[in-house]
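Under the UniProt record's numbering, the residue at position 136 of the sequence shown is numbered 136, and the numbers go up by one with no gaps. By construction, the Cβ of each residue, glycine as well, lies at the ideal position given by its N, Cα and C atoms. Quick caveat, the model's predicted, so the values are computed rather than measured.
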Amino acid sequence: MQDYSFVWNQYDLIRGLFLEDVTKTTEEEADIVPEGFKNNIRWNIGHILLTQDYLLLGPAKMNCPPSYAAMFSPGTKPADWQGNIPSLETLAAQLKEQHARIKEQFQSRLNESLPKPFELGDKGVMHTYGEIMVFTLFHEGMHIGMISSLRKAIAAAKA
């Protein structure tokens, strides 16, 4: 059996950095959509949560509330949100719970084949849970960068 502890170490690091960033965000700041952007910080947080569950568990087994798909899926935007919007505290708690759950469920399954290969458009195909897990870490980092850009745009608009 191959040692994949480096993947879990990276997951701990990236999720820890992300959660630290979430705690520095105010509810007001989370909802600002700066000029030139279509989404806000809250959308990016929910999108990370939803995407990791979707990619690793599939749509039928996700732990996210059903309403999250309409709010945080690719192509959605806060301007179209209806109903109860989760607080940052709720999203942070769900991210922490997801982190523990994913590690527990997939700790020894990274080499296991997916029920069906996941095609990322014409960019490539992922065949194992390990490939999906590593992709979700890249995806999370990408959205951490987007949140950083949103913060800069919000600060510039206030100046």
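query, result
"Selection from 159, 158, 153 that minimises the alpha carbon distance to residue 34", "153"
"Whole-Å CB distance - residue 91 paired with residue 27, under 8 Å assumed", "Incorrect: roughly 11 Å between the Cβ atoms, too far for contact."
"Length of the line joining the Cα atoms of residue 134 and residue 7", "7 Å"
"Per-residue burial, residue 138 [other beta carbons within 10 Å of its own, 16 or more giving buried]", "exposed"
"Three-state secondary structure assigned by DSSP to residue 66", "coil"
"Rounded C-alpha distance that separates residue 125 from residue 70", "26 Å"
"Short Cβ contact (7 Å threshold) for residue 99 with residue 113", "no"
"Among 13, 10, 81, 22, the one whose alpha carbon lies nearest that of residue 146", "22"
"C-beta contact flag for residue 30 and residue 41 at 7 Å", "yes"
"Three-way DSSP call (helix, strand, coil) for residue 148 in this model", "helix"
"Sequence-distant residues of the same chain with beta carbon closer than 6 Å to residue 109, five excluded per side", "129"
"Opening and closing residue of the alpha helix (DSSP H) in which residue 5 lies", "5 to 23"
"DSSP beta-bridge partners of residue 108", "Beta-bridge pairing links residue 108 to no other residue."
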